[in-house]
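First residue of the sequence shown: 1, per the working numbering; consecutive thereafter.
Note that the Cβ used here is the ideal one computed from N, Cα and C, for glycine as well.
The block underneath contains the structure these notes are about, expressed in structure tokens.
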Amino acid sequence: MAPPENAHQLYADLSQYYDRFCRDINYAQQCAYAQRVLAAFGRSSGNAYFDLACGTGQHLRHLIDAGFEVGGLDNSQAMLEQAAQRCPEAHLVLADMADMAAHNRYDLISCFLYSLHYNHPLQRLEQVLQRAWCALKPGGILVFDMVDKNGIENHRGLTTYLQEDNQTFEFASRWHYAGVGDLLQLHLRIHRHAQGVSNLWQDCHTMTAVSVTEVQTFLQALGFEVWIMEHNYERFEAWDGASFNVVVVAAKPEN
Ligand SMILES: C[S@@+](CC[C@H](N)C(=O)[O-])C[C@H]1O[C@@H](n2cnc3c(N)ncnc32)[C@H](O)[C@@H]1O
């Protein structure tokens with residue numbers, strides 16, 4: 001396996017394993033949360049849903065099954081192919097998030113698993129929020145999760161192990177923020193052992209570091225009404241202002 005050149009290539013190489021690496025993520029719970037958010041804070045009455053950085057389409061599948069008309073966007077063809085298999089009903093778009101071009105079309109837009117941070121630099125992340133504003137119907141809802149740049153713990157990471165057939169994978173990810181500027185790095189290390197042969201992928205994704213307050217202020221300047229919640233998909237829990245891992249809910253006013 002050649003070392004991947006960028007995030008794009010890495011997701012292409014990993015797409016077939018992605019769901020297995022993410023097996024501990026409770027997608028059903030996240031989707032139920034998104035629906036509760038729409039019911040509680042949304043004012044549009046439709047069921048048009050769009051997922052930014054939809055990956056292999058896990059959120060799309062749950063929302064289709066809940067009766068939504070769904071669309072998804074990702075900049076990885078390989079991830080979209082997985083999504084198309086899972087969700088033949090979905091309208092899928094190969095594009096960069098910052099180039100989303102829809103107007104007054106969706107009741108609910110989501111961007112999960114911290115994927116908003118993939119937009120770098122900060123102006124590009126803000127462009128995504130601005131495009132989401134345009135794409136929502138009046139009364140529609142944008143929901144996403146994010147981590148505050150002031151709370152990045154450089155020494156902490158996540159390692160997942162996967163064993164299947166004759167191969168073993170070790171998938172390790174870790175964020176690093178130098179403490180200044182908007183550059184956030186995501187370090188990934190994937191080790192594969194199969195039949196006595198070991199392969200190593202190492203990669204560093206460029207992401208954007210931003211604070212919750214900066215995002216909140218930008219969304220409010222666009223016209224959104226904003227609620228910041230703790231990163232707890234079991235229930236709504238207002239942000240205590242001190243934690244660094246949050247869910248942002250932004251409602252576009254009806255008029
Ligand atoms: C961590 S995965 C999350 C996928 C999915 N949201 C989930 O929760 O499983 C990040 C996804 O973002 C996509 N991605 C990264 N940068 C992107 C960009 N600038 N525009 C669109 N998609 C992007 C990747 O291809 C990948 O599918």
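Could you check the C-alpha separation between M146 and N245 for me, to the nearest Å?
6 Å
Contact shell at 5 Å, judged by CB to any heavy atom of ligand 1, ordered along the chain:
Y11, A53, G55, D74, N75, S76, M79, D96, M97, F112, L113, S115 and Y118
Return the CA-CA distance between Y17 and N255, expressed in angstroms with no decimal places.
44 Å
Identify the continuous beta strand (DSSP E) that holds R174 and give its terminal residues.
Q167 to Y177
If I'm right that C204 touches Q216 with Cβ under 8 Å, what's the distance once you round it to whole angstroms?
Contact flag wrong, Cβ pair sits at about 28 Å.
Please state whether the Cβ-Cβ distance between A242 and M229 is less than 8 Å.
no
Proximity winner among W133, S76, H62 and C22, relative to P253 (alpha-carbon distances):
W133
Cα-Cα separation between R36 and G139, rounded to whole angstroms
15 Å
Can you tell me the Cβ-Cβ gap for K149 and Y118, rounded? I've got them flagged as a contact below 8 Å.
Actually they are not in contact, since the Cβ atoms of K149 and Y118 sit about 15 Å apart, beyond 8 Å.
Sufficient close CB pairs (3 or more, under 8 Å) joining the segment 35-54 to the segment 68-83
yes
Any idea if T159 is buried or exposed, counting beta-carbon neighbours within 10 angstroms, 16 or more meaning buried?
exposed
Contiguous beta strand (DSSP E) assignments of at least 3 residues, all confined to the segment 19-106:
48-52, 69-74 and 91-94
Per DSSP, what are the beta-bridge partners of Y161 in this structure?
E170
Quick one: residues in its chain with C-beta nearer than 8 Å to the C-beta of I109, no 5 flanking neighbours on either side, listed in chain order?
Y49, F50, D51, L52, A132, A135, L136, G140, I141, L142 and V143
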